[in-house]
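> The sequence shown: position 5 = 773 (the numbering used here), numbered continuously. One structure, as structure tokens, below. Some questions next.
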Amino acid sequence: MGLSKVISIAVTMAFLAASTGQLSRIIRAVQIAQIKLIKDSQASQWPKAMTLPSH
């Protein structure tokens with residue numbers, strides 16, 4: 769799927785959401801998903817590196 773096809777689908781969905789009065793709800797859901805993605809990608813969420821045992 770080309771980028772132009774994805775953009776076309778996104779624009780169509782935005783127009784449909786705006787025409788039904790749901791655009792603000794969709795924008796809020798996207799913002800929440802972005803925040804969750806940022807939180808999950810923080811380095812503090814990564815597993816600790818394994819270290820070799822010292823003798």
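Heads up, the beta-carbon is just placed ideally off N, CA and C, and yes, glycines get one too. Please read all numbers here as calculations on a predicted model, not as lab measurements.
Taking DSSP as the reference, what is the three-state secondary structure of V809?
For this step, residue 809 is matched to residue 41 along the sequence shown. Just to set this straight, residue 809 is Ser in the shown sequence, not Val. Coil at S809, not helix or strand.
> Verify whether the separation of the beta carbon atoms of I794 and A801 is less than 7 Å.
Position 26 of the sequence shown holds residue 794. Position 33 of the sequence shown holds residue 801. For I794 and A801, no; Cβs fall outside 7 Å.
> Whole angstroms are fine: how far does the CA of I803 sit from the CA of A797?
The sequence position of residue 797 within the sequence shown is 29, counting from 1. The sequence position of residue 803 within the sequence shown is 35, counting from 1. Each residue's alpha carbon lies about 10 Å from the other.
> From W814 to K807, what distance separates their C-alpha atoms?
Here residue 814 is taken as the residue at index 46 of the sequence shown, counted from 1. Here residue 807 is taken as the residue at index 39 of the sequence shown, counted from 1. Going by the C-alpha atoms only, they are around 11 Å apart.
> From what residue to what residue does the alpha helix (DSSP H) around L771 run?
As a first step, residue 771 is located in the sequence shown; it is residue number 3 there, counting from the start. L771 to T788 is the extent of the alpha helix (DSSP H) around L771.
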